[in-house]
DNA sequence: TTGGCTGCAAATCTTTTGCAGTTCG
DNA sequence: CGAACTGCAAAAGATTTGCAGCCAA
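Protein chains in written order, with the numbering used here: chain W, 18 to 167; chain A, 18 to 167.
Below you can see the structure in the form of structure tokens.
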């Protein structure tokens, strides 16, 4: 699922204007971090993002990455997901539709999938309980064909 | 959803025999922790379980609770769930059918639900990708009627 | 007896925060 | 200029681990 430059630029723009609207400053570090985050196009941990960002600007600190990620989540451009391990992963919400995760408990490989039927059932359940849905997280754990295959 | 003593005893027995099979010792601390865990019948954090266990035996240490919970998860009698915050929650898998969670992001209330249709779709998706499913976790976040209601 | 447990405290690990200096607007 | 940001290091919080003594089998 390659991310086009066009899309990245678009989202960058959106983040930037939203930041301005909130009186949040646009620093060079944030530029680098957001850019690397969007370009990755995949779910990645704060630590992995820090590594990527440091390839561009080696002085960037971990705290700044965390602060920026939290900002992105708040703005609604990133989402935090739990993919098993101890640390959270983040992923860009570009123009992509919502998707869930299928995780191999042996090798850690993550397959993304979408399912309209599940989304619909969820909506129905939430309605039944009178909730207003915000977001959800579906993670299926199992063994992938490679790890299982004899 | 009250938990009957009968059920607790049954599960205790199962845990105990499984422990024996694995050459795992059955100590008094484990007895207390497992008992309190099963009696709670609800999802609770390691910390909450520690508190409960200490009401029975005030000398029990946090590490023992963690070690026991991990053991229970391994044996397949408990499952670890993420209900938002920083810490994991655990819940007993008794004779109960699998269920998922609907979580209020305002007050933290957790509603459990089951949905046959979702389970079926999941099975289909997993099969399509050639995975062998082990378990899954579906958490829906939203605002409950009480918090939303004017 | 003896290897697996236990509690404690120290160690890890991820994420947040305080602070003094820096920089965007 | 001044408030918001940054990196660093320390703090915080959850969970794990090392160790010396303890105890179930």
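Built from N, CA and C at the ideal position, the CB exists for glycine as well. Computed from a prediction, not measured in an experiment: that's the story for all the values here.
Exclusion of the five residues before and after residue 140 (chain W) leaves 150 as the residues of its chain whose Cβ lies within less than 8 Å of its Cβ.
Against chain A, the beta carbon of residue 46 (chain W) has no neighbour under 9 Å; the closest one sits roughly 26 Å away. CA-to-CA, the gap between residue 142 (chain A) and residue 90 (chain A) works out to about 25 Å. Using a Cβ-Cβ cut-off of 9 Å, residue 40 (chain A) does not count as an interface residue toward chain W, since no Cβ of chain W sits closer than that to its own. Taken through DSSP and simplified to helix, strand or coil, residue 150 (chain A) comes out as strand. Separation of residue 43 (chain W) and residue 36 (chain W) (C-alpha to C-alpha, rounded to the nearest whole angstrom) is 7 Å. Around the C-beta of residue 109 (chain A), 16 or more other C-beta atoms lie within 10 Å, and the residue is accordingly described as buried.
If the five residues before and after residue 63 (chain W) are omitted, its C-beta is found closer than 8 Å to the C-beta atoms of 79, 82, 83, 86, 104, 105, 107, all from its own chain and listed in chain order. Residue 50 (chain A) counts as buried, since at least 16 other C-beta atoms from the protein chains shown sit within 10 angstroms of its C-beta. Annotation: the continuous alpha helix (DSSP H) that includes residue 89 (chain W) extends over 79-92. For the stretch 116-132 of chain A, the beta-carbon criterion of a distance under 8 Å to any beta-carbon of chain W is satisfied by 119, 121, 122, 128, 130, 132. In this structure residue 115 (chain A) is exposed. Its beta-carbon is surrounded by fewer than 16 other beta-carbon atoms within 10 angstroms. Interface criterion not met: the Cβ of residue 91 (chain A) is under 9 Å from no Cβ in chain W. The Cβ atoms of residue 128 (chain A) and residue 146 (chain W) sit closer than 9 Å to each other. Cβ contact annotation for residue 117 (chain A) (same chain, cutoff 8 Å, sequence separation greater than five): 129, 130, 131, 132, 135, 154, 155, 156, 157, in chain order. For residue 156 (chain W), the neighbours in chain A by C-beta distance under 7 Å run, in chain order, 153, 154.
For residue 110 (chain W), none of the residues of chain A pass the 9 Å Cβ criterion, the least Cβ distance being about 15 Å.
In the structure shown, the three-state DSSP call for residue 161 (chain A) is coil. The three-state secondary structure of residue 42 (chain W), taken from DSSP, is coil. Taking 8 Å as the upper bound for CB-CB distance, residue 148 (chain W) and residue 119 (chain A) are in contact here, some 6 Å apart. In this structure, the straight-line span from the alpha carbon of residue 124 (chain A) to that of residue 162 (chain A) is close to 11 Å.
A residue is called buried when at least 16 other Cβ atoms come within 10 angstroms of its Cβ; residue 31 (chain W) does not meet this threshold and is exposed.
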